[in-house]
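First comes the structure, then the notes that go with it.
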Amino acid sequence: MNIAAIYHEAKSKYAYAYDKETVHIKIRTGKDEVDEIKLIYGDPFHYGPKEDEVNISEWKADSSLGIPMLKEYSTGIHDYWFCEIKPKWKRAKYAFLIKNKDTKVIFGSREIIDLNIVDDKKRIYNLENFFNFPYVNHEDIYDAPEWVADTTWYQIFTERFCNGDSSINDENVLEWGSIDNVTNDMFFGGDLRGVINKLDYIKEMGFTGIYFTPIFQSPSSHKYDIEDYYKIDSHFGTNDTFKELVQEAHKRGIRIMLDAVFNHCGWRHPYWQDVVKKGRDSKYYDCFYINGDSVVNFPLDDNNDPDIDNMTYENLVNFNYATFGFTPRMPKWNTDNEIVKEHLLGAAKYWIEEYDIDGWRLDVSNEVSHEFWREFRKEVKGVKKDVVIIGENWDEAFPWLHSGQFDSTMNYDLLMPIWSFFGKNNNVHIKPSHFIESVNRVLTTYPKNILKNMFNLVDSHDTERILTVCYENADKTNLAYLFQFTFPGTPSIYYGSEVGVNGNTDPNNRKCMVWDNNKHNDKIKNHLKTLINLRNTYKAFNSTELRWVDYDNEKEYLIYKKVSDEQELYIIMNNSNQELNITLPEQLMNKKVEDIYNQQEMNLSYEVVMKENSFLILRV
């Protein structure tokens with residue numbers, strides 16, 4: 038047994054309060070090195086009389102022999118074990134009894150006791166060596182709005198969604214959909230009136246939440262260079278137009294989430310312009326991270342904007358102020374500054390108080406301080422308790438999710454293996470075993486109460502379109518969507534992908550929405566409508582209990598099941614480009630099952646014949 042591979046940490050993603058009565062305990066071991074783990078636990082203060090001995094007390098473990106832990110998931114080098122306990126007095130001391138055929142140890146917080154050598158009960162049950170869960174404080178329990186887990190999101194890039202009011206078009210607006218290879222300098226006239234006009238389409242598809250990329254006053258098409266956080270962009274409409282949109286969406290049972298760009302602002306933001314003009318004499322100087330008196334040390338164009346086309350490499354890496362990336366038009370906010378906090382937190386509350394929005398997605402959230410986000414959460418939840426906060430983190434986001442900051446995060450950790458298995462990710466395609474290990478890493482990174490609220494996506498305004506990732510193959514794309522919808526969390530669809538819009542990464546992933554039904558990919562569109570309906574019908578879809586059943590690296594098929602209190606669903610995927618005869622697991626052999634996707638009964642034998650890139654969703 039490789040003792041060095043064993044890991045547990047108290048009060049972390051390895052030991053957390055799932056709800057007011059339940060604590061989840063996990064431990065990591067070396068892959069295939071441990072046969073059995075039991076958890077020994079009890080209240081740290083629970084002592085009682087020792088059996089058959091007078092005036093002697095002993096610690097009363099809730100289960101002195103230990104409760105079995107489940108080997109839940111494995112990655113390439115580790116196994117992850119799980120159990121849940123319900124401490125009677127909301128306190129627990131615990132240690133792990135770990136066995137394989139050669140070794141038996143107590144794994145504690147301060148030492149590892151080899152039971153083949155030590156047979157001293159006092160030492161084995163020494164609570165000083167037990168991990169501690171001091172108390173299940175209800176204030177510390179992860180608490181996201183209840184509605185989030187049941188939401189299916191639709192992401193809208195407003196400038197390219199629908200032109201509903203031509204009277205407010207940019208003077209350089211192009212004919213809708215007239216150019217396929219779009220750039221961020223192009224304008225096609227998408228606006229909020231266009232979204233209002235298409236709310237019935239969004240509802241009919243089954244979406245219950247809209248996530249908007251930024252819609253505030255900005256010179257660009259993407260609006261991530263904001264000039265006014267309190268004003269809807271004039272080419273999108275007015276603040277009153279937005280209020281109408283929220284009201285109409287709410288009438289249809291659709292929630293609204295806006296994009297909070299609080300890491301940086303735009304070049305033309307008045308605070309920044311004051312600094313550019315006055316330098317240290319500006320009262321906003323400390324609102325940004327500036328080195329020295331001179332702010333601008335690069336060429337400007339005729340509009341006094343950064344002249345990026347005429348900048349050298351030395352210009353781009355030697356700004357006198359901090360920026361998002363190396364983008365001179367996006368100076369970084371100093372969110373520790375009181376003026377900045379009042380301005381940004383005021384805007385966050387304004388759109389909730391005045392327009393009744395339901396959530397904020399936080400742009401570049403991992404570059405902003407934890408302290409700011411904790412204050413942000415207190416402020417916005419104080420206005421509307423069930424507002425959702427979703428961060429944009431491309432890497433593991435647990436530090437932001439367990440300590441009073443976010444409710445959820447964009448799950449790019451899940452997107453990557455989905456791309457690599459069902460399509461290509463940097464021209465790399467992985468086999469089922471690799472896919473399983475990668476997905477298990479996500480499943481073991483986040484506590485179960487967080488997993489069910491994760492913002493799961495397969496593409497966005499920052500990535501290639503999923504159809505392009507999947508070789509322009511609608512059947513493979515539908516497999517990717519099926520896995521997205523059966524993974525715990527809340528799925529998001531990027532506008533247009535539901536009708537077969539393709540495209541490489543930014544800016545070609547921001548094409549105009551196709552509104553001609555004759556040009557829609559009905560195979561994808563109808564598939565998504567069905568998945569949304571199934572997810573709303575079967576609780577197992579969003580269950581955190583995902584179990585791998587079988588796979589074959591050569592044939593490229595995969596079988597897994599989703600489990601809830603109400604049902605078991607088996608999902609069989611043929612991810613190959615050829616028809617396969619797939620031998621069924623024992624649980625399904627010779628069973629009568631329901632094919633819930635096609636709404637028909639099936640009498641199974643010992644195998645199924647599956648067409649290339651096809652699937653089955655079976656209810657036992």
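In terms of this note's numbering, the sequence shown opens at residue 38 and continues consecutively.
We treat Cβ as the ideally placed atom computed from N, Cα and C, and that holds for glycine.
Bear in mind the structure is a predicted one, so any value in this text is a computation, not a measurement.
Put simply, of Tyr261, Ala359, Gly274 the residue whose alpha carbon is nearest the alpha carbon of Gly227 is Gly274. Pairing Lys548 with Val219 gives a Cβ-Cβ distance under 7 Å. Counting the other CB atoms within 10 Å of its CB gives Met626 a total below 16, which places it among the exposed residues. Within the same chain, Cβ atoms closer than 8 Å to the Cβ of Phe168 are found at His45, Ala47, Ala52, Lys130, Tyr131, Ala132, Gly145, Ser146, the five residues on either side in sequence being excluded. Rounded to whole angstroms, the gap between the alpha carbons of Asn357 and Asp373 is 19 Å.
Secondary structure at Lys485: helix, using DSSP grouped into helix, strand and coil. DSSP places Arg572 in the uninterrupted alpha helix (DSSP H) bounded by 559-574.
For the set Lys386, Glu404, Pro436, Ile122, the Cα lying nearest the Cα of Lys415 is the one of Lys386. Counting only residues of its own chain and dropping the five nearest sequence neighbours on each side, Pro469 has a CB closer than 8 Å to the CB of Phe458, Tyr588, Asp589, Asn590, Glu593, Tyr594, Leu595, Asn612. Taking a cut-off of 8 Å on C-beta distances, the stretch 208-223 does not touch the stretch 284-293, as fewer than three cross pairs fall below it. The straight-line gap separating the alpha-carbon atoms of Asp395 and Ile345 is approximately 37 Å.
Secondary structure of Ser534 (DSSP, three-state): helix. Taking C-beta separations shorter than 8 Å and ignoring five residues to either side along the sequence, the partners of Tyr449 in its chain run Asn430, Trp431, Asp432, Leu494, following chain order. In chain order, Asn39, Ala42 place their CB closer than 6 Å to the CB of Gly67, counting only its own chain and leaving out the 5 sequence neighbours on each side. Take the alpha-carbon of Cys302 and the one of Asn403: they are about 16 Å apart. Shortest Cα-Cα distance from Asp151 to any of Asp157, Lys141, Lys159, Lys158 involves Lys141. Taken through DSSP and simplified to helix, strand or coil, Tyr267 comes out as strand. Closest in C-alpha terms to His259, from the list Trp552, His498, Leu504, Leu568, comes His498.
Looking at Trp410, Asp393, Glu391, the one whose alpha-carbon comes closest to that of Asp400 is Trp410. Cβ-Cβ distances below 7 Å link Arg197 to Phe225, Gly227, Arg547, Lys548, Cys549, Met550 in the same chain, with the five nearest sequence neighbours on each side left out; the list follows chain order. The alpha-carbon separation between Glu638 and Thr188 amounts to approximately 29 Å. Across the structure, Lys562 and Glu509 are spaced so that their CA atoms are roughly 15 Å apart. Remark: C-beta atoms of Ser445 and Asn371 do not approach each other more closely than 7 Å. For the 7 Å CB-CB criterion, Asp99 and Gly85 do not form a contact.
Judged by DSSP secondary structure, Pro544 falls outside any beta strand (DSSP E); it is assigned neither H nor E. With fewer than 16 neighbouring CB atoms inside 10 Å of its own CB, Gln615 falls in the exposed class.
Looking at Asp342, Glu351, Ala359, Tyr191, the one whose alpha-carbon comes closest to that of Asp323 is Ala359.
Here DSSP, grouped into helix, strand and coil, assigns Thr372 to coil. For Trp190, the uninterrupted beta strand (DSSP E) segment begins and ends at 190-193.
Tyr326 and Leu353 have their C-alpha atoms some 16 Å from each other. Annotation for Lys159: the continuous alpha helix (DSSP H) segment containing it runs 158-161. Contact between Tyr238 and Ser529 is ruled out by a C-beta separation of about 17 Å, above the 8 Å threshold. Of the other Cβ atoms in all chains shown, 16 or more fall within 10 Å of the Cβ of Gly246; this residue is therefore buried. In this chain, the alpha helix (DSSP H) harbouring Tyr238 covers 236-242.
Following the DSSP letters along the chain, one finds Val586 inside the beta strand (DSSP E) bounded by residues 582-589. Beyond the five residues adjoining it in sequence on each side, Leu382 comes within less than 6 Å, by CB distance, of Glu416 in the same chain, given in chain order.
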